[in-house]
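A.B. asks: Before we start, here is the structure in question, set down as structure tokens.
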Amino acid sequence: MPGRCLLIYMSILFISVQVMGQSFAITGVLQDTGLHRPLYNGSVILLHAKDSFIVADTRADQDGRFIFNGVKDTSMYLLYFSYPGYVGYWYRVDASHPDIGTVNLFKRERLLKEIVVKAKVASIRIIGDTTEYVADSFKVQPNANVEDLLRQLPGLQIDQFGNITAQGQKVKKVLVDGEEFFSDDPTLVTRNLRADMISKVQVYDKRSDAAVFTGIDDGVKDKTINLKIKEDKNHGIFGKMDAGAGTDEHYDAQGMFNAFNKKRKMAVFATTGNIGRTGLGSADKQKIGSGDNDNGTYTGKGLPTATSMGAHYDNAWNDNGTSFNGNYTYNLMKVNGEDRIISQNNLPTGLILGNTYNKFDNSSIRHAGNGKYVYRIDSTATLASYVNGVVLDQTSNSEGSNTNLKEDSSSFYDNRTRDHNDYHSQSYTANVSLEKRLKAGSTVSLYFDNNFSNDRASGANYSISTFYGNNNLPDSTTILDLKRYMNDDWRTHTLKAYFTSPLSKQLHIVFNYEGGNSYSNDDKRSLDPDKNENTRFSTKRTSDVWSHQAGVALNFSTARLIIKAGNNIQAMRMNITEELDPIHLKRQFLNWHPNASMQYTIKPYNVINVSYTGNSTTPEKTQLLPMAYNNSQLVTWLRNPGLNNSFTHIIGAGYNSSQVSANTYTGISGNITLNSRPIVQDLHVTSAGEYIYQYVNISGYTNSNYNGTAYFSKKIINVQTVFALFGDGGTAYSLINDRVNKLRYSSYSAGIELFGSKVKVYSMYLMGRAGYTMNQSSLQPDSKNNYWFMEAKPTLDIYFMKRFQLHTDVNYLWQEKSQAFSDNFSRVIWNAWIGRTFLKNDQLTVKISCNDILNENNGYSRTATNTFFSEERYTTIQRYFMIGATWSFTRFKTIAQ
Numbered sequence: 000m001p002g003r004c005l006l007i008y009m010s011i012l013f014i015s016v017q018v019m020g021q022s023f024a025i026t027g028v029l030q031d032t033g034l035h036r037p038l039y040n041g042s043v044i045l046l047h048a049k050d051s052f053i054v055a056d057t058r059a060d061q062d063g064r065f066i067f068n069g070v071k072d073t074s075m076y077l078l079y080f081s082y083p084g085y086v087g088y089w090y091r092v093d094a095s096h097p098d099i100g101t102v103n104l105f106k107r108e109r110l111l112k113e114i115v116v117k118a119k120v121a122s123i124r125i126i127g128d129t130t131e132y133v134a135d136s137f138k139v140q141p142n143a144n145v146e147d148l149l150r151q152l153p154g155l156q157i158d159q160f161g162n163i164t165a166q167g168q169k170v171k172k173v174l175v176d177g178e179e180f181f182s183d184d185p186t187l188v189t190r191n192l193r194a195d196m197i198s199k200v201q202v203y204d205k206r207s208d209a210a211v212f213t214g215i216d217d218g219v220k221d222k223t224i225n226l227k228i229k230e231d232k233n234h235g236i237f238g239k240m241d242a243g244a245g246t247d248e249h250y251d252a253q254g255m256f257n258a259f260n261k262k263r264k265m266a267v268f269a270t271t272g273n274i275g276r277t278g279l280g281s282a283d284k285q286k287i288g289s290g291d292n293d294n295g296t297y298t299g300k301g302l303p304t305a306t307s308m309g310a311h312y313d314n315a316w317n318d319n320g321t322s323f324n325g326n327y328t329y330n331l332m333k334v335n336g337e338d339r340i341i342s343q344n345n346l347p348t349g350l351i352l353g354n355t356y357n358k359f360d361n362s363s364i365r366h367a368g369n370g371k372y373v374y375r376i377d378s379t380a381t382l383a384s385y386v387n388g389v390v391l392d393q394t395s396n397s398e399g400s401n402t403n404l405k406e407d408s409s410s411f412y413d414n415r416t417r418d419h420n421d422y423h424s425q426s427y428t429a430n431v432s433l434e435k436r437l438k439a440g441s442t443v444s445l446y447f448d449n450n451f452s453n454d455r456a457s458g459a460n461y462s463i464s465t466f467y468g469n470n471n472l473p474d475s476t477t478i479l480d481l482k483r484y485m486n487d488d489w490r491t492h493t494l495k496a497y498f499t500s501p502l503s504k505q506l507h508i509v510f511n512y513e514g515g516n517s518y519s520n521d522d523k524r525s526l527d528p529d530k531n532e533n534t535r536f537s538t539k540r541t542s543d544v545w546s547h548q549a550g551v552a553l554n555f556s557t558a559r560l561i562i563k564a565g566n567n568i569q570a571m572r573m574n575i576t577e578e579l580d581p582i583h584l585k586r587q588f589l590n591w592h593p594n595a596s597m598q599y600t601i602k603p604y605n606v607i608n609v610s611y612t613g614n615s616t617t618p619e620k621t622q623l624l625p626m627a628y629n630n631s632q633l634v635t636w637l638r639n640p641g642l643n644n645s646f647t648h649i650i651g652a653g654y655n656s657s658q659v660s661a662n663t664y665t666g667i668s669g670n671i672t673l674n675s676r677p678i679v680q681d682l683h684v685t686s687a688g689e690y691i692y693q694y695v696n697i698s699g700y701t702n703s704n705y706n707g708t709a710y711f712s713k714k715i716i717n718v719q720t721v722f723a724l725f726g727d728g729g730t731a732y733s734l735i736n737d738r739v740n741k742l743r744y745s746s747y748s749a750g751i752e753l754f755g756s757k758v759k760v761y762s763m764y765l766m767g768r769a770g771y772t773m774n775q776s777s778l779q780p781d782s783k784n785n786y787w788f789m790e791a792k793p794t795l796d797i798y799f800m801k802r803f804q805l806h807t808d809v810n811y812l813w814q815e816k817s818q819a820f821s822d823n824f825s826r827v828i829w830n831a832w833i834g835r836t837f838l839k840n841d842q843l844t845v846k847i848s849c850n851d852i853l854n855e856n857n858g859y860s861r862t863a864t865n866t867f868f869s870e871e872r873y874t875t876i877q878r879y880f881m882i883g884a885t886w887s888f889t890r891f892k893t894i895a896q
């Protein structure tokens with residue numbers, strides 16, 4: 000019995016000794032927090048947490064790694080890290096978490112700089128490449144929107160059109176809790192979300208989707224703002240309603256309703272009016288330009304009547320493993336007006352002076368919807384699908400006249416036209432993607448994109464031309480009267496595949512393949528008044544294009560340096576069959592797409608980059624075989640089935656520096672583009688005034704283009720000031736009547752921006768720019784189109800008597816006369832309004848406004864291309880007075896913090 004007890008006692012003692020003797024290893028990596036560089040020979044000391052007794056010490060190796068072996072698990076420990084020039088750091092560790100991962104040490108100077116930043120500009124944090132602002136630290140007016148908040152943030156500038164510049168770069172996206180809201184239009188978010196809903200504003204360079212997935216930094220970054228919604232503002236409803244009526248039957252109304260509930264966001268909006276606002280994000284009715292209104296936006300040309308509405312829904316489930324984002328928009332647009340164009344065409348035989356008048360009446364209805372569904376299969380695989388559909392119905396009517404004179408002011412020819420067209424289109428997209436992470440850091444991703452479209456149209460075209468002889472008397476007259484019909488179908492399918500694999504910690508290899516097919520059936524007919532088909536103006540063709548592209552790239556990436564180089568080779572086979580004018584064209588093209596880039600971070604927020612891109616450009620189908628349907632009475636397009644590739648070289652470089660603590664930003668960027676064996680238009684102008692075009696390769700000549708920008712921004716006496724220089728120019732070649740024309744063009748300018756504000760006192764913004772534009776054609780060296788220009792856009796808001804606000808803004812443009820343009824152009828658009836707030840928290844604002852006080856908003860634009868110069872004046876919105884009211888409403892649930 001005593002022996003058995005002794006045996007049991009000895010066994011218990013042995014087990015206890017074994018248990019007491021268990022040990023573990025403490026491991027980790029020591030590095031710099033800014034550059035992520037290993038801190039070789041950094042000191043690491045292990046101490047008992049209870050009495051700070053030193054147990055052991057070691058040094059980090061060349062990779063920053065350290066290890067303590069044989070550490071007993073019976074105690075809590077402390078680790079102390081130190082390195083010359085860095086702030087020391089303590090870390091608590093025990094046996095439950097022996098691998099502490101990466102330990103980042105701050106440089107003493109950087110820690111001091113962050114303290115200075117926080118002390119100087121309230122709540123600003125710099126986390127890696129992200130600048131984060133605490134919204135409540137910046138005071139704004141009651142019911143202010145996000146745009147008003149952003150104006151207060153150091154390093155951000157917003158012009159009167161809502162364009163945002165952050166750290167000297169244009170902001171391309173504004174996200175809400177990391178998700179797109181309605182569209183890529185930043186102003187739709189910034190002008191319609193309330194400032195008091197925002198907890199943080201994050202400004203950063205958003206990496207490409209491919210880089211986010213693969214973890215390989217490809218150097219592609221877009222300046223992005225992400226708005227973090229406050230927790231107590233993410234459960235409730237909010238919105239605003241705005242309505243106004245004015246003189247000359249002007250009116251405007253809009254409303255937006257939002258319902259947020261954690262991850263679920265729903266929103267609807269509607270607008271109607273005739274002051275140029277076509278949606279909540281496009282309130283800029285003063286932009287002067289030209290173009291189509293197919294997408295429901297107003298370009299400033301004509302008098303518009305517009306109605307738009309939309310709905311948005313997004314949600315996430317299963318711990319963000321499943322998400323959906325959907326949008327629908329409707330746009331009804333009617334625009335009518337007149338435009339007049341004075342032009343000068345420089346030909347080897349002399350000048351042709353044109354004077355064109357056109358009256359138009361257009362309308363369009365557009366439905367657009369899209370949805371994206373993302374399903375995370377597991378932690379390594381994600382499946383996503385995207386669908387999109389657009390249905391457009393458009394009606395256009397126009398009639399006009401065109402008078403052309405010779406250089407000696409004698410008559411050349413006159414032309415009168417009348418057109419009507421009913422156009423209908425449908426386009427549907429369905430895409431699927433699968434992204435999968437493999438072992439050892441490799442990834443594979445597949446993207447299958449599809450599009451199906453149909454265009455239908457019917458209309459009529461009437462044209463009568465009168466030609467003059469040398470005696471300045473009518474010589475002949477021709478009439479063209481056509482009924483036109485169109486029914487086109489096309490579809491495209493594209494499969495993309497990517498495989499990435501690490502060759503080392505810094506070096507990755509990327510393989511890619513892209514295969515696609517594009518098939519189209521174009522049926523475009525023109526009928527004479529007796530209903531016989533006119534084959535001179537008709538096209539019926541089918542085209543089938545297959546392409547295969549494969550490439551490989553290497554990506555070397557460290558914390559400070561990113562180098563990427565690769566090349567893609569594309570083989571393309573094109574088959575085109577014309578039925579009305581029998582021809583069967585088969586062409587094959589081999590294209591090269593080399594690229595290389597380098598991005599180096601000198602220090603945080605100081606980046607230099609250099610890039611090269613090469614592209615083979617394949618001739619378009621309509622360049623090889625132009626459609627006869629597009630010919631007119633005075634314009635004919637000729638075929639060139641032997642057209643070959645051109646090749647483009649693009650070399651770019653840039654440098655950006657940001658010092659947030661000093662509110663100083665500097666940058667310079669530029670690129671050079673060289674296009675060898677370019678595809679250009681060969682123009683022949685007959686003695687009767689007919690224009691005959693053909694696309695050709697102009698061998699032995701290289702088109703060139705350059706552009707550059709430099710800026711410096713600093714806060715001076717509480718006013719953020721930006722100085723900038725701009726320059727662009729180049730050389731473009733073309734053929735006119737078998738002679739080579741060399742166009743030299745350039746434009747240089749200098750600009751300044753000022754922004755300053757004081758809460759409940761004032762807010763001011765000024766943009767000014769002046770420069771010189773030059774154009775010269777080798778065929779007419781004595782005819783120069785050089786002129787000075789200047790523009791200024793000041794904005795001022797003054798707050799007084801607690802509830803009153805006075806707003807005024809001016810848009811000034813001046814352009815000097817030239818040989819092509821005989822008069823100076825000057826325009827001042829001055830707008831102003833005064834308003835008063837009512838109700839609790841100033842939720843209601845009533846204001847009286849005047850648009851274009853001086854009634855000088857005359858639509859105007861200048862154009863210079865190759866040998867053609869034109870000056871256009873058109874109908875646009877002018878002076879009116881309006882009285883309106885805006886009501887903002889909110890109701891948020893109280894959430895326990």
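Mapping to numbering that gives the first Met the number 0: the sequence shown position 299 is 298, numbers consecutive.
Where is the CB? At the ideal position from N, CA and C, for every residue including glycine.
Just to confirm before moving on: does the CB-CB distance between N486 and D543 stay below 7 Å?
C.D. replies: Contact flag unset, no.
A.B. asks: Tell me the residue span of the beta strand (DSSP E) that contains R890.
C.D. replies: Segment 879-891, the beta strand (DSSP E) holding R890.
A.B. asks: Which residue marks the beginning of the beta strand (DSSP E) containing R206, and which one marks its end?
C.D. replies: Per DSSP, R206 belongs to the beta strand (DSSP E) from 197-206.
A.B. asks: Should S745 and G728 be called a contact, given that it needs their Cβ atoms to be closer than 7 Å?
C.D. replies: Yes, they are a contact pair.
A.B. asks: According to DSSP, what are the bridge partners of K714?
C.D. replies: Per DSSP, Q719.
A.B. asks: Closest to L77 by C-alpha separation, out of L46, D56, L104, Q569, would be which residue?
C.D. replies: Answer by Cα proximity: L46.
A.B. asks: With a threshold of 8 Å on Cβ separation, who are the neighbours of S441 within its own chain once the five nearest residues in sequence on each side are excluded?
C.D. replies: Only F498, T499, S500, P501 meet the Cβ criterion.
A.B. asks: At the level of alpha carbons, what is the spacing between T836 and Q804?
C.D. replies: Spanning the two alpha carbons is a distance of roughly 9 Å.
A.B. asks: If we ignore side chains and look at the alpha-carbon of each, how far apart do Y374 and L187 end up?
C.D. replies: Spanning the two alpha carbons is a distance of roughly 28 Å.
A.B. asks: Looking at the unbroken beta strand (DSSP E) that takes in E513, where does it start and where does it end?
C.D. replies: Counting along the chain, the beta strand (DSSP E) containing E513 begins and ends at 506-526.
A.B. asks: Short of 6 Å in beta carbon distance, which residues of its chain neighbour S887, apart from the five on each side in sequence? Order them along the chain.
C.D. replies: Result list for S887: N142, K239, Q842, in chain order.
A.B. asks: Specify the secondary structure class of G699 as computed by DSSP and reduced to three states.
C.D. replies: Three-state result, G699: coil.
A.B. asks: Once DSSP output is grouped into helix, strand and coil, what is the label at V809?
C.D. replies: Correct three-state label for V809: strand.
A.B. asks: From the DSSP output, read off the bridge partner residues of F588.
C.D. replies: Answer is M571.
A.B. asks: Are the Cβ atoms of G669 and S610 separated by less than 7 Å?
C.D. replies: Not in contact: G669 and S610 (Cβ atoms no closer than 7 Å).
A.B. asks: Rounded to a whole number of angstroms, what is the C-alpha to C-alpha distance between Q587 and N401?
C.D. replies: About 42 Å.
A.B. asks: Less than 7 Å between the beta carbons of M881 and G161, yes or no?
C.D. replies: In this structure, G161 does not lie closer than 7 Å to M881 by Cβ.
A.B. asks: List the residues that DSSP assigns as beta-bridge partners of E815.
C.D. replies: According to DSSP, which records beta bridges pairwise, E815 is partnered with nothing at all.
A.B. asks: Looking at the strands, I want to know which residues DSSP matches up with R768.
C.D. replies: Looking at the DSSP assignment, R768 forms a beta bridge with G750, E790.
A.B. asks: Exposed or buried, H311, counting other C-beta atoms within 10 Å across all chains shown (16 or more means buried)?
C.D. replies: Counting Cβ neighbours within 10 Å, H311 comes out buried, since at least 16 surround it.
A.B. asks: Could you round the C-beta distance between T875 and G243 to whole angstroms and report it? I think they count as a contact, below 8 Å.
C.D. replies: Going by Cβ atoms, the distance from T875 to G243 rounds to 19 Å, so no, they are not a contact pair.
A.B. asks: Determine the contact status of E790 and R768, defining contact as a CB-CB distance below 7 Å.
C.D. replies: Yes, the Cβ-Cβ distance between E790 and R768 is below 7 Å.
A.B. asks: Is D62 buried or exposed, if buried means 16 or more other CB atoms sit within 10 Å of its CB?
C.D. replies: Classification for D62: exposed.
A.B. asks: Looking only at its own chain, which residues have a Cβ that is under 6 Å from the Cβ of S342, when we skip the five neighbours before and after it?
C.D. replies: Within the same chain, S342 has close Cβ partners G353, S869.
A.B. asks: For the 8 Å Cβ check, are there 3 or more pairs between the region 416-426 and the region 446-465?
C.D. replies: The region 416-426 vs the region 446-465: in contact.
A.B. asks: Quick test of your reading: N554 and H507, contact by CB under 8 Å. State the CB separation rounded to the nearest angstrom.
C.D. replies: Sure, about 5 Å apart at Cβ, within 8 Å.
A.B. asks: Since V145 is in the alpha helix (DSSP H), which residue starts that stretch and which ends it?
C.D. replies: Per DSSP, V145 belongs to the alpha helix (DSSP H) from 145-151.
A.B. asks: Helix, strand or coil: which one does DSSP assign to E577?
C.D. replies: Of the three classes helix, strand and coil, the one that applies to E577 here is strand, per DSSP.
A.B. asks: Which word fits E532, buried or exposed, when buried means at least 16 other C-beta atoms lie within 10 angstroms of its C-beta?
C.D. replies: It is exposed - the Cβ of E532 has fewer than 16 other Cβ atoms within 10 Å.
A.B. asks: Among all the DSSP beta bridges, which residues are the ones paired with T428?
C.D. replies: DSSP, once it has assigned bridges, lists N387, N450 as partnering T428.
A.B. asks: Tell me whether I735 is buried or exposed, calling it buried when 16 or more other Cβ atoms sit within 10 Å of its Cβ.
C.D. replies: I735 should be labelled buried.
A.B. asks: If you follow the beta strand (DSSP E) that Q156 is in, where does it begin and where does it stop?
C.D. replies: Element bounds for Q156: 155-157.
A.B. asks: Pick helix, strand or coil for G280, following the three-state DSSP scheme.
C.D. replies: Because G280 sits at a pLDDT of 46, beneath the cut-off of 50, its placement in the model cannot be relied upon, and the following sentence gives the value as read from the coordinates. If DSSP states are grouped into helix, strand and coil, G280 belongs with coil.
A.B. asks: Tell me the start and end of each unbroken beta strand (DSSP E) in the region 837-872 that is at least 3 residues and wholly inside, in chain order.
C.D. replies: Listed in chain order, the complete beta strand (DSSP E) runs (minimum 3 residues) inside the region 837-872 are 843-850, 858-864.
A.B. asks: Starting from K495, trace the beta strand (DSSP E) in both directions and tell me its first and last residue.
C.D. replies: Residues 473-501.
A.B. asks: So what's E689 in DSSP terms, helix, strand or just coil?
C.D. replies: DSSP places E689 in coil when its eight states are reduced to three.
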